[in-house]
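Residue numbering for the sequence shown follows the numbering used here, starting at 172 and increasing by one per position. Positions of the beta carbon are idealized from the N, C-alpha and C atoms, including for glycine.
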Amino acid sequence: MTSFYDDTGKNVACTVIEAGPCVVTQVKTVETDGYNALQLGFGEKREKNSTQPLMGHFAKANTPPKKYVAEFRDFGLENGGKELGDEVSVGEVFEEGDIVDVVGTSKGKGFQGVIRRHGFSGGSASHGDKNQQRAPGSIGAAATPSKVVKGKKMAGQMGNTRVKIQNLEVLKVHPEQNLIVIKGAVPGYNGSFVIIEK
172 MTSFYDDTGK NVACTVIEAG PCVVTQVKTV ETDGYNALQL GFGEKREKNS TQPLMGHFAK
232 ANTPPKKYVA EFRDFGLENG GKELGDEVSV GEVFEEGDIV DVVGTSKGKG FQGVIRRHGF
292 SGGSASHGDK NQQRAPGSIG AAATPSKVVK GKKMAGQMGN TRVKIQNLEV LKVHPEQNLI
352 VIKGAVPGYN GSFVIIEK
């Protein structure tokens with residue numbers, strides 16, 4: 172993440188993402204697969220770390236093995252469509268002012284209590300409350316329904332899940348460096364893979 176001043180002098184927090192160039196590694200059509208889609212590959216991967224079936228899959232597209240592969244439905248159908256092995260650059264897809272959704276895996280926080288995980292306020296620090304400052308309190312009733320209901324907010328694993336942040340604005344696009352600047356934060360750690368959806 173970084174920040175810059177816009178035309179009005181306001182400091183805007185933003186995230187710089189390297190978005191490409193992506194290579195078309197498979198073209199799916201209604202005739203062969205039942206739907207239209209493009210499979211795009213990004214990031215170089217060493218051949219010794221790739222399986223033989225994947226090596227053959229990427230060889231059809233005449234490209235070295237890719238680290239990350241994702242499929243996009245009904246993408247690239249305009250302007251005659253994309254062929255196997257074609258490159259997709261950030262300048263072709265995005266422009267300033269676009270509204271996008273970003274999908275990624277959030278940072279893993281491990282096992283956390285209810286105060287950090289769900290924002291509980293905790294118990295009082297006096298009036299006979301002993302060692303219960305960070306406890307969740309009652310988690311259910313006795314006779315009715317005499318169980319803990321599903322989905323109860325409790326302590327547990329936090330983060331490391333698939334997250335979609337919606338309605339983020341594209342502030343700048345740098346096609347020559349394959350960079351896109353998006354307003355606000357996106358899920359994941361520095362260097363993690365994300366999917367940007369228009």
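**Study point:** Boundaries (first-last residue) of the alpha helix (DSSP H) holding Ala230
**Key:** Here the alpha helix (DSSP H) through Ala230 covers Gln223 to Lys231.
Practice item. Identify which residue in Ala184, His289, Ala190 and Lys280 has its Cα closest to the Cα of Val259. Key: Comparing Cα positions, the closest option is Ala190.
Practice item. In angstroms with no decimal places, state the Cα-to-Cα distance between Ser363 and Gly275. Key: If you draw a straight line from the Cα of Ser363 to the Cα of Gly275, it is about 8 Å long.
Exercise for review: Kindly confirm or deny that the region 230-246 and the region 176-188 touch, where touching means at least three C-beta pairs closer than 8 Å.
Suggested key: The answer is no - the region 176-188 does not touch the region 230-246, with fewer than three Cβ pairs under 8 Å.
**Study point:** Gln210, buried or exposed, once every other Cβ within 10 Å from all chains shown has been counted against 16
**Key:** Looking at its Cβ environment, which holds 16 or more other Cβ atoms inside 10 Å, Gln210 is buried.
Review point. Skipping 5 residues on each side, what residues in its chain have a beta carbon closer than 6 Å to that of Asn250?
Key: Since pLDDT at Asn250 reaches only 47, below the 50 mark, its modelled position is unreliable, and the value read off the structure follows with that caveat. Only residues of its own chain outside the window of five on either side were considered, and among them none has a CB closer than 6 Å to the CB of Asn250.
Review point. Straight-line CA distance for His289 to Lys323?
Key: Distance between the alpha carbons of His289 and Lys323 is about 11 Å.
**Study point:** Where Val320 falls, given that 16 or more other Cβ within 10 Å makes a residue buried
**Key:** With a 10 Å radius around the Cβ and a threshold of 16 neighbouring Cβ atoms, Val320 comes out exposed.
Check your understanding: Rounded to a whole number of angstroms, what is the C-alpha to C-alpha distance between Ser297 and Arg305?
Key -> One C-alpha to the other measures close to 13 Å.
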